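These protein sequences, in sequence, are chains S and H. Numbering-wise, the first sequence is residues 297 to 540 according to the numbering used here. Numbering-wise, the second sequence is residues 112 to 392 according to the numbering used here. Glycine included, each C-beta is placed from N, C-alpha and C at the ideal position. Computed from a prediction, not measured in an experiment: that's the story for all the values here.
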Amino acid sequence: MQDKKQEPVLSARGIGLQRGGRWLFRDLDLDLYSGEFLAIVGPSGVGKTTLLSCLCGMLEPSEGSVSFKLSGTSAQKPEDLRSHFGIVYQELQLIPNADLLTNVLCGRLGRYHSLSTLLGFPKKLRQEAYRLLYELGVGENPHKWAKHMSGGEKQRVAAARVLFQKPKIYFADEPASSLDAYYAGRVLGLLRQEADEKAKPVLCVLHNAEHIQRFADIALSLNQNDPKAHKMRRVRPVNEEAEI
Amino acid sequence: MSLSPTPQHEKGPALSELPWYRRLNLLNTTLLIFLLAVIFSGSQIEGNERDLDILKNLGRFLSEFFPPDLTVLKSTGSALIETVEIAILATFFAIIISLIIALGAAQTIGPTWLVFSMRMLLNIIRTIPSLIWAVIAVAAMGANALAGVAALTLYSTGYLGKFFSEAFESVDMKVARSLRGIGADPLQSFQYGIWPHAKPLIWSHCIWMLEYNIRSASIIGYVGAGGLGLQLHAYQEFHQWDRFATVLCCILIVVTVLDFLSEHIRRRIARRDGTNDALSD
Numbered sequence: 297m298q299d300k301k302q303e304p305v306l307s308a309r310g311i312g313l314q315r316g317g318r319w320l321f322r323d324l325d326l327d328l329y330s331g332e333f334l335a336i337v338g339p340s341g342v343g344k345t346t347l348l349s350c351l352c353g354m355l356e357p358s359e360g361s362v363s364f365k366l367s368g369t370s371a372q373k374p375e376d377l378r379s380h381f382g383i384v385y386q387e388l389q390l391i392p393n394a395d396l397l398t399n400v401l402c403g404r405l406g407r408y409h410s411l412s413t414l415l416g417f418p419k420k421l422r423q424e425a426y427r428l429l430y431e432l433g434v435g436e437n438p439h440k441w442a443k444h445m446s447g448g449e450k451q452r453v454a455a456a457r458v459l460f461q462k463p464k465i466y467f468a469d470e471p472a473s474s475l476d477a478y479y480a481g482r483v484l485g486l487l488r489q490e491a492d493e494k495a496k497p498v499l500c501v502l503h504n505a506e507h508i509q510r511f512a513d514i515a516l517s518l519n520q521n522d523p524k525a526h527k528m529r530r531v532r533p534v535n536e537e538a539e540i
Numbered sequence: 112m113s114l115s116p117t118p119q120h121e122k123g124p125a126l127s128e129l130p131w132y133r134r135l136n137l138l139n140t141t142l143l144i145f146l147l148a149v150i151f152s153g154s155q156i157e158g159n160e161r162d163l164d165i166l167k168n169l170g171r172f173l174s175e176f177f178p179p180d181l182t183v184l185k186s187t188g189s190a191l192i193e194t195v196e197i198a199i200l201a202t203f204f205a206i207i208i209s210l211i212i213a214l215g216a217a218q219t220i221g222p223t224w225l226v227f228s229m230r231m232l233l234n235i236i237r238t239i240p241s242l243i244w245a246v247i248a249v250a251a252m253g254a255n256a257l258a259g260v261a262a263l264t265l266y267s268t269g270y271l272g273k274f275f276s277e278a279f280e281s282v283d284m285k286v287a288r289s290l291r292g293i294g295a296d297p298l299q300s301f302q303y304g305i306w307p308h309a310k311p312l313i314w315s316h317c318i319w320m321l322e323y324n325i326r327s328a329s330i331i332g333y334v335g336a337g338g339l340g341l342q343l344h345a346y347q348e349f350h351q352w353d354r355f356a357t358v359l360c361c362i363l364i365v366v367t368v369l370d371f372l373s374e375h376i377r378r379r380i381a382r383r384d385g386t387n388d389a390l391s392d
């Protein structure tokens, strides 16, 4: 996938974040090319979620900068590219008092003007959203409120929402943490498929060593003791065919 | 960091008690002030100097209520309908106005200057009792049911505006922020991130306000703003207590039924919404 002549889709230069007088990470450079799957790894509390938030522009880094070069748009700053970012939050952030279908449909809010979504979403989109719910095994009752679903079901709805969004880049924070082996593989496999078939970059916080080995191209590990001792390791050789 | 203990003497450090003034937190201070106020008020308030037989007076007055004069039931019925209509319209207009004001008055949505001014406005509206609003409305619009609608609209706005803004503030903003994170505009993030969560609470307040307004609407007629109060006032003036009793019974029945219905509906809404999560599962 990686071609050095090609420009990186995401490029971070010297980013660092200080919290409570302590640096979580510093001097972090990252170039992510289209179709690459990056796993952010490290022990709990090391700052993986914080790093992902800095990269997707939800959090301002204390130093350094992040810029993007997404196809079809000249904008480089995260705030101008929001609708192209697909984000799976660690706490999922589903709308608890809305049904599963609406939750999935909300993935595309950024593509429509507020007036066209004022009275709901078109039927065609609803059908498409339902298909994704069904594929991820939560299609049985699409009209049930999200708050009444189990943790694993909610996580699959969040995955359906981000896939429905069809973003240009994925940021996923432990998208399979509450899933059983089958659905964890299914969700990560679908993200891998987005990277392989649509050349979309995926940044994913992962814990499970097997998942890292199976789905990621590169693993970026953060170090608890030394904020500058982050390591980048290629998990999968360039151009190797993905196994899904 | 060393954890080795260094005791002052063999029995360990002595416990130092808080001085009395350190125990005067806000709760204790206000409780003390309230108790002092009770003692002071008790020594100030006096009844009539004469030695009255209160129970006998009450018995004589109440005996005039019986039997209620049911011949006025028809006119009472139409006044009752008017009362309910006043309450429905007033609640409707108040909901619309309050939603707009509440958006500005919610700290999580509006800018600080707007929150401050909207809250001041709501406070001022709430300070004035419904009967005074009715006097003002009758002075401006004449003695009719429309004045009643205007009076109760203003009065309810003071309450609904406050309740709605609190409902908006109780919503976890993370969902709305996360929707902004994937490109939703402010209106969309309100519609999909805040409104679904606030809606059940807001509707529950609306039902409560409607119930409350039906009660209020039966009183504001006293100053000429239409509805049952007009009749109550007339019967009181002419000491027709048996007719007065009929009207009171009608109010009692309607309010009790409404109270029961509204309580039931609001509880069901809260359960489905999971505002009370213990009830929901």
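(request) Give every residue of the same chain whose Cβ lies closer than 6 Å to the Cβ of Y430/S, excluding the five residues on either side of it in the sequence, and list them in chain order. (result) none
request  = Determine, using beta carbons only, whether P392/S comes closer than 8 Å to chain H.
outcome  = yes
(Q) Measuring only the C-alpha atoms, how far is G292/H from D492/S? (A) 25 Å
Q.
DSSP three-state label for E175/H, please.
A. coil
Assuming contact is defined by CB atoms lying nearer than 8 Å, are G259/H and I212/H in contact in what I supplied? no
- Query: For K285/H, which residues in chain S fall below 9 Å Cβ to Cβ?
  - Reply: Y385, E387, Q389
- Determine whether the Cβ of S289/H lies closer than 8 Å to any Cβ atom of chain S. yes
* Relative to the C-alpha of L475/S, which residue among L432/S, A512/S, R457/S, P438/S is closest? -> L432/S
*At least three beta-carbon pairs within less than 8 Å, the segment 307-316 of chain H to the segment 393-410 of chain S*: yes
Check: Within the 8 Å Cβ cut-off, does T413/S reach chain H?
Finding: yes
Can you pull out the residues from the segment 450-462 of chain S whose beta carbon lies closer than 7 Å to at least one beta carbon of chain H? Q461
Considering only their Cβ atoms, is the gap separating P374/S from G312/S smaller than 8 Å?
no
Who are the near neighbours of Q386/S in its chain, counting only those whose CB is closer than 7 Å to its CB and skipping five residues on each side?
T345, D469, E470
Note down, in chain order, each residue of its chain lying with its Cβ closer than 8 Å to the Cβ of S373/H, except the 5 sequence neighbours on either side. I318, W319, L321, E322
- [ ] Using three-state DSSP, classify P467/S as helix, strand or coil.
- [x] Checking the sequence shown, residue 467/S turns out to be Phe, not Pro. In the structure shown, F467/S sits in a strand (DSSP, three-state: E or B).
### Message
If contacts are defined as beta-carbon pairs under 8 Å, then C352/S and L290/H qualify, I think. What distance do you get, rounded to the angstrom?
### Response
Incorrect: roughly 14 Å between the Cβ atoms, too far for contact.
Nearest to Y329/S (by Cα), restricted to the options F364/S, H507/S, G343/S: F364/S
* Asked: Excluding the five sequence neighbours on either side, which residues of its own chain have a C-beta within less than 6 Å of the C-beta of K524/S, listed in chain order?
  -> R322, D323
**Report entry** Same chain only: Cβ atoms within 6 Å of G310/S, ignoring 5 sequence neighbours per side
**Finding:** D323, G360
* Asked: Are the beta-carbon atoms of A198/H and I313/H separated by less than 8 Å?
  -> no
Euclidean distance between Cα positions of I206/H and A454/S:
34 Å
If you drop the 5 nearest sequence neighbours on each side, which residues of the same chain put their C-beta closer than 6 Å to that of A472/S? A480, V483, L484
For E193/H, which residues from the same chain have a beta carbon less than 7 Å from its beta carbon, with the 5 sequence-adjacent residues on both sides left out? A256, G337, G338
Q) Does any CB atom of chain S fall closer than 8 Å to the CB of A217/H? A) no
Cutoff 8 Å: F417/S Cβ touching any chain H Cβ: no
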